[in-house]
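To start, the structure itself, in structure tokens.
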Amino acid sequence: MPDTQTAHVGIVGGGPAGLMAAEHLSAAGMRVSVLEAMPTVGRKFLMAGKSGLNLTHAEPHEMFKTRFGAAGERLEPALDAFGGDDVRQWASTLGVETFVGSSGRVFPTAMKGSPLLRAWLKRLDGQGVAVLTRHRWAGFAGDALLVETPEGRQTFRFDAVVLALGGASWPRLGSDAAWVPWLEGRGVVVNAFKPANCGFDMAWSDILTERFAGQPVKAVVATSGAAATQGEFVITARGVEGSLIYNHSAALRDMDKPVLMLDLAPARDVERLERDLKRQSGKASFSNRLRKGAGLDQVKVALVREFTSAAERGDNGALAKAIKALPLPLLRPRPIAEAISSAGGVAWETVDERYMLKSLPGIFVAGEMLDWEAPTGGYLLTGCLATGRAAARGVLAYLKR
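Per the UniProt record's numbering, residue 1 is the first one in the sequence shown, and the count goes up by one each step.
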């Protein structure tokens, strides 16, 4: 086996996880080639950064680590080695300064992702990393990789490989999960992909969609199971989208009959709402009663009208309770191709502590290929960067045996 100074490592996938693995390995003196199926690298990274690249989150590290669900324990060593503060320091070394927003989310001062990606690629080029675009992995040929290239199908042999091909969301940007049968054919267990951080379909009335599709619902508290969070979401022609919905999407996705409970007036309790509603004139319209008595805007009034009976709307006590706990019946998650991220992927029991596949020595996995999920807020990107770095460290350990 070659030593770490003469080894040639292949990185399959040019997203954040793959590029971080390439950076770490090339800094250790290895020859590194990145194979990317698309015409350019980092497409999902750039898309995520169009409206402000959320790099990481500034909350305390011990709390940060709890945001990764059932996979948190397996991810903990990688996150301990490269957490939110490390991401900010890394960005600074690329000349990208960051700031903490009011919600604790961390952004580059320029907000966009393109300056960071340009600086990153310049560093990789300076470290000798070869980035081969339009090189799509097409399976195995013995111990080699089959790759579709502009010159036709070719085989590539590496001393170690890091697979960082993403999950199954946003396939038009490259994460199409085409790799699943190739790994399953080599004994790797891959759990079925499911949408994460996604919207949901609903059976709105025609009146509501005609008047309120595209409208935000602000300053509400949503509850799914035991979890309650405050924020906002958007009504769409098909259902609901937005950060508040994404925060609950994992719990809702796994319910047989998903229902999200909404508190439309978080600043008032039921008793106060009932008193304030009783003060309204009996001649006032329903909309004016709720506007003056409960402080609800038109879109919230429409939601109350949509999901209450005439009897409830005529009873101040029942109406106050509905405003504080309005059930939003959801039909199903939106398709995975529309989801911000995905759950499912390479099962953790098939991966060792170095991020190497147990059935394929010398082949490592990183990023959203692995079965983990996290909410939006910088956790997804940090998880990808941290696992890319962890897989690179695994390669170094493997080649130093």
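Cβ coordinates follow ideal geometry from the N, Cα and C atoms, glycine included.
Fair warning: this is a prediction, and the values are worked out from it, not measured in the lab.
Presumed contact (8 Å Cβ cut-off) between residue i and residue j, rounded CB distance
{"i": "residue 265", "j": "residue 324", "result": "7 Å"}
{"i": "residue 328", "j": "residue 270", "result": "So it is not a contact: roughly 19 Å between Cβ atoms."}
{"i": "residue 113", "j": "residue 45", "result": "6 Å"}
{"i": "residue 195", "j": "residue 102", "result": "That belief does not hold up - the Cβ atoms of residue 195 and residue 102 are roughly 28 Å apart, past 8 Å."}
{"i": "residue 58", "j": "residue 169", "result": "So it is not a contact: roughly 25 Å between Cβ atoms."}
Classification of residue i by the beta-carbon crowding that lies within 10 angstroms, buried from 16 upward
{"i": "residue 51", "result": "exposed"}
{"i": "residue 150", "result": "exposed"}
{"i": "residue 375", "result": "buried"}
{"i": "residue 214", "result": "exposed"}
{"i": "residue 249", "result": "buried"}
{"i": "residue 207", "result": "exposed"}
{"i": "residue 142", "result": "exposed"}
{"i": "residue 371", "result": "buried"}
{"i": "residue 155", "result": "exposed"}
{"i": "residue 300", "result": "buried"}
{"i": "residue 66", "result": "exposed"}
{"i": "residue 18", "result": "buried"}
{"i": "residue 227", "result": "exposed"}
Neighbourhood of residue i by C-beta, 6 Å cutoff - its chain only, sequence neighbours within 5 removed
{"i": "residue 157", "result": "144"}
{"i": "residue 307", "result": "326"}
{"i": "residue 7", "result": "30, 159 and 399"}
{"i": "residue 298", "result": "none"}
{"i": "residue 13", "result": "164 and 165"}
Beta-carbon contacts of residue i that lie in its chain and below 7 Å, excluding the five residues immediately before and after
{"i": "residue 252", "result": "200, 224, 258, 260 and 330"}
{"i": "residue 369", "result": "163, 164, 165, 166, 167, 345 and 346"}
{"i": "residue 180", "result": "190"}
{"i": "residue 56", "result": "84, 87, 88, 106, 378, 381 and 382"}
{"i": "residue 292", "result": "280"}
Any C-beta of chain B under 7 Å from that of residue i
{"i": "residue 321", "result": "Absent from the structure: chain B. Only one protein chain is present."}
Spatial neighbours of residue i in its chain, beta-carbon cut-off 8 Å, leaving aside the 5 residues before and after
{"i": "residue 219", "result": "230, 232 and 266"}
{"i": "residue 313", "result": "286, 304, 305 and 319"}
{"i": "residue 184", "result": "190"}
Exercise for the section: Evaluate contact between the region 66-77 and the region 378-389, counting only Cβ atoms and requiring at least three cross-stretch pairs below 8 Å. Expected result: Yes, the region 66-77 touches the region 378-389.
Problem - Cβ contact (3+ pairs, closer than 8 Å) linking the region 117-125 and the region 21-28 - result: Result yes; three or more Cβ-Cβ pairs closer than 8 Å.
Practice task
Taking only runs that begin and end inside the region 40-114, name each unbroken alpha helix (DSSP H) of 4 or more residues, in chain order.
Solution key: DSSP runs (the alpha helix (DSSP H)) wholly in the region 40-114: 43-48, 61-64, 72-81 and 84-93.
Problem - 3 or more residues per run - each beta strand (DSSP E) lying fully within the region 354-396 - result: With a minimum length of 3 residues, the continuous beta strand (DSSP E) runs that stay inside the region 354-396 are 363-365.
Exercise for the section: Decide yes or no for the touch test of the region 352-363 against the region 272-284: beta carbon pairs closer than 8 Å, at least 3 of them. Expected result: Segment contact: the region 352-363 against the region 272-284, fewer than three CB-CB distances shorter than 8 Å; contact not assigned.
Handout entry: Three or more C-beta pairs below 8 Å linking the region 176-188 and the region 355-363
Key = As far as the Cβ criterion goes, the region 176-188 touches the region 355-363, which means the pair count is three or higher.
Problem - 4 or more residues per run - each alpha helix (DSSP H) lying fully within the UniProt domain "RsdA/BaiN/AoA(So)-like insert" (194-341) - result: Here the runs fully enclosed are 206-212, 243-253, 270-278, 286-294, 298-306, 310-313 and 316-324.
Exercise for the section: Report the residue ranges of all beta strand (DSSP E) runs contained in full by the region 112-193; include only those spanning at least 3 residues, in chain order. Expected result: List check, beta strand (DSSP E) in window: 130-133, 136-141, 144-149, 152-156 and 160-163.
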